[in-house]
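Each step along the sequence shown adds one to the number in full-length UniProt numbering, with nothing skipped, and position 312 is 312.
The beta carbon of each residue, even a glycine, is placed where N, CA and C say it ideally should be.
Step one of this worksheet: look at the structure below.
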Amino acid sequence: MCLISSDHSLFINCGGGEVNNMDGNVYEKDNDTSPFYPSPKGNWARSSDGNTIYSMRSGLSSEAVLYNKARSSLVSLKYYGFCLRKGKYSVTLHFADIIDTQDKSYSTDKRIFDVYIQGERKLKDFNIIDMAGGPNKVLTKNFTVYVNHSTLEIHFYSTGVSFFNRNGPLISAISVTPEYKLGKQLSTLHIALIVVASTIVFVLLLLLFAWMMGWLRNTDHLQEINIGIGKVVTLKQIKEATRNFGKRNEIGEGVFGTVYKAELQGKIVAVKKLSSHSEERINQLKIEFYTLKSMSHLNLVQLLDVYNAKGLHLLIYEYMQNNSLAHALFDSKSKLKLDWDARFNICLGIARGLMYLHEHPRLKMVHRDIKSTNILLDGDLKPKISDFGLASLYTEDDEFKFIKVEMPQGYMSPEYVRGIVTSKADVYSFGVVILETVSGRRNAGHKGSNQESEFPLDMAYALHRKGRLVDLVDKSLSTKYDAKQAIIILNLAVKCTSISPTLRPTMSEVVSVLVGDKKIEEICPSAPNETLCSSCATKVIAIASTSSNYIKGEDEAKCIYESIP
């Protein structure tokens, strides 16, 4: 969001470097290969599901610098213009399908896509080669659009099947210029006089207004914030609805902030206010916003909007009526009682949400903070994964993520302490959460009959060896549960918490077992010492933290496990 909409033009060299003095304008570079790229000036951003940059091979004049490079994606490519003044703009899209005509696939692959501007389709089934009269030929398309809330969105979306980005949407350059009149250039003296005079008038008017009303109006409070289903509110209304982020409206706390309940225009939303100590994470807020806006799943909490201003950063989420899974399971004040069907569906829903994150065709993500407090329940007890403050995007070429350890140890996989994380770290945490769900016990030390700390994960490991995993089922369920389903989930919990990440199943394999398509033996063959109890995990973490080697396989896992006294 922009406090002041000051820009009146935008020039981007898509896929290429900075181009100076092109018709008197400077085209900003767009040659970064990240799926999300905010410009250094903060006046535009790009998101895509592929990062192919094409270079000119033949056919174009070397003087046509805007067409020497082009950016393409697999299916979707979006550009956002920020902080634009309100008014009409001329949007010019520059195209040139700079393909290698010697490539045999050239004659068979067709690049067909739609173009949307401000959500309105401007071009349907657009084929650059057909419209330009052949490959490596320049083509421009001009459109008049209206910018009302300072943001311009241009979306290129493939309507066909794309293979290796060879026929996904492609764009060479974008230029946005105003159709309204700009003021004439003034001398420095004139500008200074206008600024001084305007400042004096403004201060006088402000003092008069404050004298009449008794308070100074903060324009930040008028910033519009989307709360879903076409409803828009202001920051002032959000502050009033949360009682100025008061304790009475507090409903939860995440890694980097506190969550408040707010009722606005008959709709209840959750407002996450980032803590002041997390200022270094503010840039990651943008990543979370664009990532979650491009991801949609029944088992992921929906992010409605973001407010970003100096000293105040808010995320607006859909509201979950039944709080968190941890609240339902462990809070003595909770009136919510989870029967067996609810618990089974919660385990399945979490698994499906994680499978979506890990195996998304465009944006693979490791959540890194899966725990029962981050699993929210809606009015129908449908689970939704929340709090993506630690989430990391990754690709197939970036198998291991090097990160700072911040996760609670009760849910932390043994290899996590080394700062090297794959999606299997989420699998481990998932195993702990489903164990808590079935047993009704938090995976934290509590005093047993012998006054020693007991962990459900310890108990699961011991009972697994004795073939008595069913003893872990929450006693409050009595006999009202499906024993077969309970044993399947508890066995999955054991497999998911294997000491070595390579021995853990993937989330798609977990889902296949839960829905009955596969058996556990098909996805996880038994292996000696394949699991690790919680008390032992602490010792493994200590050993791993002093070791220079990452635990990668069964042999290493067994070696470390046997080193525990």
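When we look at the beta-carbon of K384 and count the other beta-carbons within 10 Å, is it buried (16 or more) or exposed? It is buried - the Cβ of K384 has at least 16 other Cβ atoms within 10 Å.
Output the distance between the C-alpha atoms of P135 and T151, rounded to the nearest integer angstrom. The alpha-carbon separation between P135 and T151 amounts to approximately 33 Å.
Counting only the same chain and skipping the five closest in sequence on each side, list residues whose C-beta sits under 7 Å from that of Q321. D378, G379, listed in sequence order.
Residue ranges of each beta strand (DSSP E) run of no fewer than 3 residues wholly in the region 78 to 164, ordered along the chain? Segments of the beta strand (DSSP E) lying fully in the region 78 to 164: 87 to 95, 112 to 117, 120 to 127, 139 to 147, 152 to 158.
Nonlocal neighbours in the same chain, by C-beta distance under 8 Å from I375, ignoring five residues either side: Excluding positions up to five away in sequence, the list reads S324, L325, A326, I346, I350, P383, K384, I385, S386, V433.
Cα-Cα, which of G410, I171, D130 is closest to Y79? Measuring from the Cα of Y79, the nearest candidate turns out to be I171.
Can M355 and F388 be called in contact, C-beta distance under 9 Å? With contacts defined as CB atoms closer than 9 Å, M355 and F388 fail to qualify as a contacting pair.
Would you kindly work out how many angstroms separate the C-alpha atoms of T242 and F95, rounded to a whole number? Annotation: T242 to F95 spans about 49 Å, alpha carbon to alpha carbon.
Are the beta-carbon atoms belonging to V147 and K247 less than 9 Å from one another? The Cβ atoms of V147 and K247 do not sit closer than 9 Å to each other.
Judging by CA-CA distance, which residue of K41, A460, K466, K475 is the nearest neighbour of L492? Nearest neighbour of L492 by Cα position, chosen from K41, A460, K466, K475, turns out to be A460.
Are the Cβ atoms of L74 and G168 separated by less than 9 Å? Yes, these two residues count as a Cβ contact at 9 Å.
Quick check on P528: buried or exposed, where buried means 16 or more other Cβ atoms within 10 Å of its Cβ? At P528 the pLDDT is 48, less than 50, meaning the model places this residue with poor confidence and gives no usable figure here.
Would T373 be called buried (16 or more neighbouring beta carbons within 10 Å of its own) or exposed? Result: buried.
Three Cβ pairs or more, each shorter than 8 Å: is that satisfied between the region 26 to 34 and the region 190 to 203? At 8 Å Cβ cutoff, the stretches do not touch.
M412, buried or exposed, once every other Cβ within 10 Å from all chains shown has been counted against 16: With at least 16 other beta carbons inside 10 angstroms of its own, M412 counts as buried.
Between which two residues does the alpha helix (DSSP H) holding C496 run? First-last of the alpha helix (DSSP H) with C496: 483 to 496.
Can the beta-carbon of residue 566 be found less than 9 Å from the beta-carbon of I523? A question about residue 566 goes unanswered here, because the residues of the chain that appear run from 1 up to 565.
If you draw a straight line from the alpha carbon of L304 to that of N249, how long is it in whole angstroms? N249 has its alpha-carbon roughly 19 Å from the corresponding atom of L304.
Can you look up P383 in the DSSP assignment and give me helix, strand or coil? Strand, per DSSP.
Verify whether the separation of the beta carbon atoms of G440 and V494 is less than 9 Å. Using a Cβ distance threshold of 9 Å, G440 and V494 do not count as a contacting pair.
Whole angstroms are fine: how far does the CA of H149 sit from the CA of W44? Between the C-alpha atoms of W44 and H149 there is a straight-line separation of about 14 Å.
Tell me whether L329 sits in a helix, a strand or coil according to DSSP, three-state version. Secondary structure at L329: helix, using DSSP grouped into helix, strand and coil.
Determine the burial state of G16: buried for a count of at least 16 other Cβ atoms within 10 Å of its Cβ, exposed for fewer. Flag for G16 reads buried.
Which residue marks the beginning of the beta strand (DSSP E) containing T300, and which one marks its end? First, the residue type needs correcting, since residue 300 is Leu and not Thr in the sequence shown. That residue, L300, is in no beta strand (DSSP E); it is neither H nor E in DSSP.
If we ignore side chains and look at the alpha-carbon of each, how far apart do S275 and T52 end up? For S275 and T52, the gap between their C-alpha atoms comes out near 37 Å.
Does Y319 come out as helix, strand or coil in the three-state DSSP assignment? Secondary structure at Y319: coil, using DSSP grouped into helix, strand and coil.
Check this for me: beta carbons of K272 and I316, under 9 Å apart or not? In contact: K272 and I316 (Cβ atoms closer than 9 Å).
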